[in-house]
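**Student:** The following block contains the structure, expressed as structure tokens.
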Amino acid sequence: MNDEKITAEAVLTDTEITQEQELTSDEIYEKSKFALETENLTVSFYGREAISDINVKYRKHTVNAIIGPSGCGKSTFLRALNFMHDLTPGAVVSGSIKIHGRDISEYDMTNVRRRVGMVFQKPNPFPTMSIYENVTAGLTLHKRHGRRILDETVEKSLRLAGLWEETKDRLKVSAMALSGGQQQRLCIARTLAINPEIILFDEPTSALDPISTSKIEESIHELKKDYTIIVVTHNMQQASRVSDYTSFFFLGKLIEHSKTRTVFTSPKNKLTEEYVIGKFG
Ligand SMILES: Nc1ncnc2c1ncn2[C@@H]1O[C@H](COP(=O)(O)OP(=O)(O)OP(=O)(O)O)[C@@H](O)[C@H]1O
Ligand SMILES: [Mg+2]
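Remember, our numbering sits 1474 above the position in the sequence shown when you count from 1.
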């Protein structure tokens, strides 16, 4: 009799857990104000801390800039948010990362990786693939999609990345036929195609001319309607043009995370002020 009761309770508890886990991703998404949060995020390489105790919350549908001198840990932080240190020799990550208010350990790892996309400083299209194949590369890795879905995804992603008009008549051409700025927009389209929620950009325009740069800045601005964006930049004008919030990193620490206007007009921290007015860096 007792045994039966325990079993019944166990089943009930299991069901509750299942219901909780079966919240659709839209429901989980709606529940949290923040797309991404870190708590005491620390990354060391061979025992030496590159970033220490980073605590920050990124609101949904905002663009967030990260600024700071070379070597202060910006890329290390971004890579941690994209779970890339799992593969880096000597790297140890501690602290926690939450997506939509839930610790990443509560998600299936493939699912987590799909939610966070990253665009690197140097455009890195797959050289042997066409423009079309580059955009669909991430999709076809995961599962088979019908031709119509693939066509729609390619058009939508290239439009959002601001590259559709320039490529719609030559989608079968090699990605290497594109200019550097176009290749970078292709890489953005490839990231968008897998439908992430958070997109990380590590100095996406540092190798580009002003026109390509402004196209990418326009895309970033458009993207915040649907995505949460974090962008590392050495360009202070870019940070103030594109972002809602700015984080200032210095020697592996997050010194300040405030509204962009505050960071550039009346920063709370003296170090931030000295950096943004160009006293060092
Ligand atoms: N894979 C690695 N192995 C060992 N040390 C590393 C590794 N990656 C980064 N570091 C160290 O971590 C620190 C932060 O580097 P990181 O690349 O994050 O700086 P950054 O702020 O992105 O600089 P930049 O503006 O020049 O791109 C540096 O001291 C760097 O040498
Ligand atoms: Mg870097």
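Glycine included, each C-beta is placed from N, C-alpha and C at the ideal position.
1. For the stretch 1667-1695, which segments carrying the beta strand (DSSP E) assignment without a break, of at least 3 residues, lie completely within its bounds, in sequence order?
2. At which residues does the alpha helix (DSSP H) containing E1639 begin and terminate?
3. Roughly how many whole angstroms lie between the Cα atoms of T1610 and K1753?
4. So what does I1525 bridge to, in DSSP terms?
5. Suppose the cutoff is 6 Å on Cβ atoms and the five residues either side in sequence are ignored; what does the same chain contact list for L1420 look like?
6. Please name the residue or residues paired with L1634 in a DSSP beta bridge.
7. Under 8 Å, with one C-beta from each stretch per pair, do the stretch 1678-1690 and the stretch 1639-1648 reach the 3-pair mark?
8. With a CB to CB cut of under 7 Å and the five nearest residues on each side skipped, what residues in its chain are close to L1486?
9. From which residue to which residue does the beta strand (DSSP E) around N1556 run?
10. Leaving out five residues before and five after G1636 in sequence, what residues of the same chain have Cβ atoms less than 7 Å from its Cβ?
11. Return the residue from the list G1755, D1718, L1624 and E1671 that minimises the CA-CA distance to V1586.
12. For A1539, tell me which candidate among K1742, I1751 and V1737 has the shortest Cα-Cα distance.
13. Please check if any C-beta of chain B sits within less than 9 Å of the C-beta of V1705.
14. Assign V1537 to one of two classes, buried (16 or more other C-beta atoms within 10 Å of its C-beta) or exposed (fewer than that).
15. Under the assumption that I1569 contacts F1722 (Cβ atoms under 8 Å), give the Cβ distance between them as a whole number of angstroms.
16. For T1707, which option in G1547, R1633, F1600 and V1517 has the closest C-alpha, if you only look at C-alpha atoms?
17. Please determine, among V1590, H1619 and E1523, the residue with the shortest C-alpha to C-alpha distance to L1666.
**Tutor:** Taking the structure as given:
1. 1672-1676
2. Element bounds for E1639: W1638 to T1641.
3. Counting only the Cα atoms, K1753 lies some 45 Å from T1610.
4. V1517
5. In this structure the chain extends from 1475 to 1755, so residue 1420 is not present and cannot be described.
6. None; L1634 has no bridge partner.
7. With a cut-off of 8 Å, the stretch 1639-1648 and the stretch 1678-1690 do not count as touching, because too few Cβ pairs lie within range.
8. Bear in mind that the predicted position of L1486 carries a pLDDT of just 35, short of 50, making it unreliable; the figure below should be weighed with that in mind. Taken in chain order, the list of residues that qualify is empty.
9. Segment: none, N1556 is in no beta strand (DSSP E) and carries neither H nor E.
10. So the qualifying residues of the chain are R1659, K1689, E1692 and S1693.
11. E1671
12. V1737
13. Absent from the structure: chain B. Only one protein chain is present.
14. buried
15. The sequence shown places Gly at residue 1569, not Ile. Incorrect: roughly 19 Å between the Cβ atoms, too far for contact.
16. G1547
17. V1590
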